[in-house]
Amino acid sequence: MFRQKLQPLVLLLISSLLLSTGLALAHGGAEETEMDPKLLVEQSVAFLQAEPSKIDEASANLTEVLELETAEQVNLELVQAATVALGQGAIPEAVHLLDRSLGREAETLGPVVEVNLNARLYIAMITALLLTALGAWGLGRRSVSATH
Amino acid sequence: MVNAKKSTGFWQALDERVGISELKYHVPEHAQGLGYSLGGVTLVSFVILVITGIWMGQFYNPMPETARESLLYIISSAPAGFFARNLHYWAANAMLLTALLHMLRVLYTGSYKRPREANWLVGVALLALTIGLIFTGSALKWDQEGLEGLAHNVEIAAVLGGVGGWFSPSFTDSVPILTRLYIAHVSVLPVLLFVVFAVHALLIKLQGLAPNAFASRDATTHKTAGEPSKATFLGHLGAVGLYSLIGLGIMVFLAIAVPAQLGPAPVEGIEVTKPWWMFLPIFTVENWVGLGGLVWASAAIFIALAIVPFVDRSPYLHPARRKGVLIAYGLLALLLIGLGIYSKIAPGAAHLGM
Ligand code: HEM
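If you're matching them up, the sequences are chains F and H in order.
Each residue of the first sequence is one higher than the last, beginning at 61 in this note's numbering.
Each residue of the second sequence is one higher than the last, beginning at 17 in this note's numbering.
The following block contains the structure:
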């Protein structure tokens, strides 16, 4: 009886799964269009920073940029130098060169939040732990008075 | 009224005017433990999120050209901006974590059973709203991760077709989608969450908390509102306050020691980041079956949650008498955790038609 009631639900789940697979397969295969060299360099930087294992994708982008005769907003010499650095596995240097090839400061990229703990922050952290201890003490007192 | 001691002076005057002692109505005795305080602790995180969010709202600029810059300003220059942002980040993690633990407690103790099925569904809606808030919030950073999240948003709109219209940038030409997500994040979703929570709380007040599942193997479900007990609602609020104080201490500590990150400036056309932990399980499904998987896997998870009270209809509360449903949902939870861990360690895949 109950199994029968569940049947439509199971069917719904299975058809959803099939539909999603279909959508996934229909998806993708976007046509290749000529890319903006600046965007290609920016993508390479992002690849190298977020996922250095994608070094091949980054290099492919740079090769594509270097095949262009002229590229507005990108210094091709620096891109060339970055390719050499990448060839030697020097990722930070390559990123630095690519940043400069776009005319931007290297420091504006990458994760930006650092913790510089100073005396004030240590005091704040200790206060935070005291709050926690206060809560635990209060709970302890409550359970003692509950058992008496 | 329980324990209505005669108080004097200031407290008596205050009580006469705001009626604090009215909160001393009976609640079941098991309501004082951590398990039954998790809902309240979740609400406290929400309040922290609202306060820190209002503060950040004074400095955040929700236009695509300036959003990341304004966030850098919050981190580096705005008064208490760094702290507000990090506390907001950790409170968001805490809110979802305690909401999930609260749901597991309700599941384990069978508290969703008659007459509380409707309130379970209201809870599922609260969970969806919480996740919606986290998703919209993570896009606002406007770093690489935020942009990729938003790109998913846009592609989901395409998968959903007509229904997804609101999620698409083409919904309107006059306001960028980032700004619309900001409006959802700071007004639509929090207001909805507040209203839905009010319904949740009202139903708890009308029905009372579910009876103690562990009182005996034969414990059954029923309304408890109005039953006499030694515990009071004011006492329950005290317990919630103390647990929340512990939570707040941990959050403040983390906000200083482990600040929220801000990734590199966004670059269109690539997928190199992974989402927050709560999205990792469906990210794996997406890696396997493509973008549609994200929509359908999320729908399947929420359907699986919504049907709990309709699958398990016996009146018994003790876990030993509800092994089937507990094993089934335990396996689902393990599956999701497993998928999440796998997603964290496996290399990312590109899903968007970029
Ligand atoms: C996300 C925000 C949520 C908040 C702020 C919240 C708040 C609360 C509070 C304060 C209680 C009183 C008892 C307790 O704390 O355990 C409660 C009870 C309850 N909640 Fe939630 N809740 C949330 C999410 C959920 C979810 C996700 C579910 C389930 C899908 C749920 C289902 C229930 C049920 C069925 C009860 C009655 C439990 C009983 O009678 O023992 N809630 N909630």
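Heads up, the beta-carbon is just placed ideally off N, CA and C, and yes, glycines get one too.
Report task. Give the residues from the region 249 to 261 of chain H that approach chain F closer than 9 Å (Cβ to any Cβ), ordered along the chain. Result -> Gly251, Gly254, Ala255, Gly257, Leu258, Tyr259, Ser260 and Leu261
field: Residue nearest to Val288 (chain H) in terms of C-alpha spacing, selected from F:Gln109, F:Lys98, F:Leu100 and F:Asp96
entry: F:Gln109
* For Ile42 (chain H), which beta-bridge partners are listed by DSSP? -> The displayed chain sequence assigns His, not Ile, to residue 42 (chain H). Note: His42 (chain H) sits in a beta bridge opposite H:Thr248.
Residues of chain F with CB under 7 Å from Val284 (chain H), in chain order?
Note that residue 284 (chain H) corresponds to Glu in the displayed sequence, not to Val. What Glu284 (chain H) touches in chain F: Leu99.
- Task: Kindly list, in the order they appear in chain H, the residues whose Cβ is closer than 9 Å to that of Arg202 (chain F).
- Result: Gln48, Gly251, Gly254, Ala255 and Leu258
Let me make sure I understand the geometry here. Which of H:Pro227, H:Phe299, H:Val212 and H:Arg338 has the alpha-carbon closest to that of Val59 (chain H)?
As written in the sequence, residue 59 (chain H) is Leu, which differs from the Val given in the question. That would be H:Val212, whose Cα lies nearest to the Cα of Leu59 (chain H).
When the Cα atoms are used, what is the spatial distance from Ala142 (chain F) to Phe107 (chain F)? 14 Å
Minimum Cβ-Cβ distance from Ile272 (chain H) to chain F less than 9 Å = yes
- Task: Pick helix, strand or coil for Thr236 (chain H), following the three-state DSSP scheme.
- Result: strand
### Task
At 7 Å on the CB atoms, spell out the chain H contacts of Glu102 (chain F), in chain order.
Val283
| query | With DSSP run on the structure shown, which of helix, strand or coil describes Tyr76 (chain H)? | reply | coil
Chain F residues whose Cβ lies nearer than 9 Å to that of Val212 (chain H): Here the premise fails: no neighbours, minimum Cβ distance about 25 Å.
**Asked** Is Arg130 (chain H) near the ligand HEM, going by C-beta to nearest heavy atom under 8 Å?
**Response** no
Where Gly163 (chain F) meets chain H, residues with beta-carbon distance less than 9 Å
Neighbours of Gly163 (chain F) on chain H: none; closest Cβ ~14 Å, over 9 Å.
Margin query: Which residues in chain H have a C-beta closer than 9 Å to the C-beta of Leu109 (chain F)? List them in chain order.
Written below: One point to set straight first is that residue 109 (chain F) is Gln, not Leu, in the sequence displayed. Residues of chain H passing the Cβ test: Gln160, Gly279, Pro280 and Val288.
**Report entry** Through-space distance from Ser86 (chain H) to Gly162 (chain H), alpha-carbon basis
**Finding:** 15 Å
_Between the alpha carbons of Glu284 (chain H) and Ser93 (chain H), how many angstroms are there, rounded?_
28 Å
Exercise. Quick one: grab the DSSP three-state call for Tyr52 (chain H).
Key: coil
Closer than 9 Å between beta carbons: that is the criterion. Which residues of the region 126 to 150 of chain F meet it against chain H? none
From the DSSP output, which residues share a beta bridge with Tyr124 (chain H)? Tyr124 (chain H) is not bridged to any residue.
Using a beta-carbon distance below 9 Å, is Thr123 (chain F) in contact with chain H? no
Exercise. So, is the C-beta of Ile91 (chain H) closer than 9 Å to a C-beta in chain F?
Worked result: yes
task: Hey, could you find the ends of the alpha helix (DSSP H) Gln133 (chain F) is sitting in?
output: From DSSP, Gln133 (chain F) is part of no alpha helix (DSSP H); its letter is neither H nor E.
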